[in-house]
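Everything on this sheet refers to the single structure shown next.
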Amino acid sequence: MPQFLRNKRLIILLAGIIILVALIGFSLRDREELSWPEQFVKDTVGFVQNIFAKPAHYVAGFVENIHDLLNTYEENKILKEHLDSYAKLKVEADRLEQENKELRAVLDKDETLASYHVRHASVISRNPDRWNESLIIDKGEVHDIKKDMAVITADGMIGKIKSVGKTTSSVQLLSTIDRTNRVHVAIQGDENAYGLVEGIDEESQLLLVNEIPAEIKIKKGMNVITSGFSGTFPEGLFIGTVEKVEPSQYGLTQTAYVKPAANFYNIKHVMVIERTMPTDKDYESGDATGEGEEKAASGDKS
Amino acid sequence: MRKKYWVPIIMLILFSLESIIMNYVPSYFFNNHWLVIPRFLFIFLLFITIFYDKKLGVTYAFVFGLLMDIVFTEIYGIYLFVYPAVVYIMYWLVKNWITNLFTMFFYSVFGLIALEIVLFLLYYMINLSDISFKYFAFHRLLPTMLMNMIFYVAICFPLKKYLSALKKLKEEEEGMFQS
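Protein chains in written order, with my numbering: chain A, 370 to 671; chain B, 452 to 630.
Pasting the structure below:
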C-alpha cells in the first residue's frame with residue numbers, strides 16, 4: 370500500500386475525486402440542450418451503431434417470426450374468442466367518435482388535450498448499464514423531435530425524450546429512477562384519481578404511482594393513462610393497470626403499483642408523440658397558439 | 452505494423468455490440484428479473500492493460516469511459532472515472548503476479564465485481580438507484596458475471612494470441628531504437 374500511495378499519486382487521486390464530484394454535480398442539473406460537441410459525438414456513435422444495429426434487427430426479427438409461427442394455433446384460438454366483442458366495441462367507438470366530433474363542432478373547439486401527432490423511429494441501441502435506463506433512437510432535431518416529447522410503443526407509453534441530437538436522440542424510460550422523471554397520470558374510475566409515476570419497484574417490476582389522495586378508492590385492474598395536465602404530454606396515453614395499492618408512510622396519500630402495459634425490454638420500434646395543444650415550452654417562448662397548428666401541419670407530412 | 456490499428460476498431464465494435472445486445476437478450480431468457488450487463492469492452496481493456504501496454508490500456512479506458520458518459524449516462528464522471536481507475540488498480544495489483552489465461556480469468560472476475568460494486572455505490576450516492584445490495588448481488592452481479600465469463604472463455608484464446616503478437620512487435624521496435 371505505501372508504494373501505491375506515494376505523494377504524487379495521492380495528490381492525483383485526491384484531485385481526481387474532487388474533479389469527479391464536481392463533474393457529477395455539474396451534469397446532474399436539468400439541462401435544456403446538449404452542447405454541439407456532445408451532439409456531434411452522439412450522432413457519430415449513433416451512425417456507427419446503426420451499421421451494426423440493422424443486421425441485428427433482421428436476425429432478431431427472423432428468430433421472432435419463427436417463434437410466432439410456432440404459437441400461431443394457440444393465438445388464433447384466443448383471438449377468435451375476442452373477435453366478437455371487438456366488432457361490438459368498434460361500432461360503439463365509431464358512434465362515440467362521431468358524436469364527439471359533432472359536439473366539438475357545436476362548441477367550436479377542434480383540438481383537445483388528447484390530440485397528437487406521431488413520428489415513427491427505430492431503436493438503435495440501449496444503455497448497457499441498467500442503472501440509467503435509456504434508448505437511442507434514429508430520429509433527431511432534423512426530424513422535428515424535441516425534448517420531453519412522450520414516447521410510446523404499440524402497447525403503451527414507455528418514456529420521454531431526454532436529449533436530442535441532430536439525427537439521434539435518447540429516450541429515458543419510465544423505469545428510470547430520477548427526480549426529473551415524473552409523469553402526471555390519471556387512474557380511471559367513477560371519478561378520476563391523479564398521481565405521479567415515480568420510477569419502478571425493481572423487485573416486482575411494477576411502476577410506482579405516488580401522491581394519490583387517500584380518500585379515493587383504487588381497485589385492482591383500473592387503467593392508468595397520462596392526464597395531459599402536466600403541460601408536456603397529450604392526454605390518454607395508456608400506461609398500465611393497477612396491480613395493488615398501499616397507503617403511504619403518513620397515511621395522507623396512497624401509492625399504486627402499476628403493471629406497465631408496454632414491455633420495457635426488447636423494444637425495436639417506437640413512436641414519438643407530439644401533442645397538438647401548445648405545451649409549457651411554447652408558452653415560455655411566447656408563441657403559443659399559432660405555432661402549434663403550424664407544427665401540426667408539418668407533423669402530418671412526416 | 453498494420454496489426455496495431457485493429458485495437459481501436461475492435462473496441463468500437465465491442466462498444467456497439469454491448470449496447471445492441473442489450474436490446475435483445477434479457478426478456479427472452481431471463482424474465483426481467485435477472486439483469487445481465489455485457490462488459491465486453493471492460494474485459495478487453497483489462498487484456499490490453501495486463502498483456503500489452505499499461506499506458507495504452509488506461510488511455511483507452513479513459514476515452515471509452517468518456518464516450519459511455521456522453522452517449523448513454525449523460526452524467527459526466529461516472530465511467531470516465533470508474534473505467535480507468537479499476538483498470539489501473541487491477542494492473543497495479545497483478546503486475547508482480549503470474550499472468551496467464553487461467554489466472555487472468557480470476558483477475559477478470561475480480562475486476563468485474565469491483566467495477567459493478569463501484570458503479571452501484573456511485574449511483575446509490577447520487578440517488579439514481581434504490582435497490583438493496585442483496586438484490587443487486589443476486590439479480591445483477593451474479594448473472595452479469597456468468598454472461599461475461601462465457602464471453603471471456605469464447606474470446607480469450609484468439610485475443611491472447613493477437614496481443615502477444617502485438618507485444619512482440621512492440622518489443623522489436625523498442626529494441627531497434629535502443630541499438
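Glycine residues also receive a C-beta, built at the ideal position from the N, C-alpha and C atoms.
- Between residue 553 of chain A and residue 542 of chain A, the C-beta spacing is not below 7 Å.
- Secondary structure of residue 418 of chain A (DSSP, three-state): helix.
- Secondary structure of residue 501 of chain A (DSSP, three-state): coil.
- Collapsing the DSSP output to three states places residue 618 of chain A in coil.
- The beta carbon of residue 533 of chain B sits no closer than 7 Å to any beta carbon of chain A.
- C-alpha of residue 557 of chain A to C-alpha of residue 583 of chain A: approximately 16 Å in a straight line.
- For the stretch 540-558 of chain A, the beta-carbon criterion of a distance under 7 Å to any beta-carbon of chain B is satisfied by 546 and 547.
- With respect to residue 519 of chain A, residue 576 of chain A sits apart: the two C-beta atoms are not nearer than 7 Å.
- For residue 461 of chain B, the enclosing alpha helix (DSSP H) has its first and last residue at 457-472.
- Here residue 641 of chain A really is in contact with residue 514 of chain A; their C-beta atoms are around 6 Å apart, less than 8 Å.
- Sequence-ordered contacts of the stretch 610-638 of chain A with chain B read 632, 633, 634, 635, 636 and 637 [C-beta pairs closer than 9 Å].
- DSSP places residue 599 of chain B in the helix class (H, G or I) of the three-state scheme.
- Residue environment for residue 586 of chain A: exposed (fewer than 16 other C-beta atoms within 10 angstroms of its C-beta).
- When C-alpha distances from residue 416 of chain A are compared across A:405, A:384, A:540 and A:509, the shortest belongs to A:509.
- When C-beta distances to chain B are compared with 7 Å, the residues of the stretch 407-432 of chain A below that value are 407, 410, 411, 414, 417, 418, 421, 422, 425 and 429, in chain order.
- Residue 534 of chain B is not a Cβ neighbour of residue 520 of chain B, given a cutoff of 7 Å.
- Under the three-state reduction of DSSP output, residue 423 of chain A falls in the helix class.
- In the DSSP annotation of this structure, the continuous segment of the alpha helix (DSSP H) that includes residue 516 of chain B starts and ends at 505-519.
- Take the alpha-carbon of residue 600 of chain B and the one of residue 591 of chain B: they are about 14 Å apart.
- Secondary-structure assignment with DSSP links residue 595 of chain A through a beta bridge to A:554.
- Counted as a single uninterrupted DSSP element, the beta strand (DSSP E) harbouring residue 579 of chain A occupies residues 575-582.
- For residue 557 of chain B, there are no neighbours in chain A by C-beta distance under 7 Å, as the nearest C-beta there is about 21 Å away.
- Interface flag for residue 527 of chain B against chain A is set, since a Cβ pair is found closer than 7 Å.
- Under the three-state reduction of DSSP output, residue 494 of chain A falls in the strand class.
- About 5 Å separates the beta carbons of residue 393 of chain A and residue 528 of chain B, which is inside the 8 Å limit, making them a contact pair.
- Contact between residue 490 of chain B and residue 573 of chain B is absent: CB atoms are separated by about 16 Å, not below the 8 Å threshold.
- For the C-beta of residue 469 of chain A, not a single chain B residue is nearer than 7 Å; the gap to the nearest is close to 37 Å.
- The beta-bridge partner set that DSSP reports for residue 629 of chain A consists of A:609.
- Taking 7 Å as the CB threshold, residue 582 of chain B lines the interface with chain A.
- One alpha carbon belongs to residue 561 of chain B, the other to residue 568 of chain B, and they sit about 11 Å apart.
- Cα atoms of residue 610 of chain A and residue 546 of chain A: separation of roughly 20 Å, rounded to the nearest angstrom.
- DSSP lists A:485 as the bridge partner or partners of residue 644 of chain A.
- Fewer than three beta-carbon pairs drawn from the stretch 474-490 of chain A and the stretch 456-467 of chain B are found closer than 8 Å, and the two stretches are therefore not classed as touching.
- Cβ-Cβ distances below 7 Å link residue 597 of chain B to nothing in the same chain once the five nearest sequence neighbours on each side are left out.
- Taking a Cβ-Cβ cut-off of 9 Å, the neighbours of residue 572 of chain A in chain B comprise 484, 582, 583, 586 and 590, given in sequence order.
- Ranked by Cα distance from residue 619 of chain A, the options A:579, A:629 and A:434 are led by A:579.
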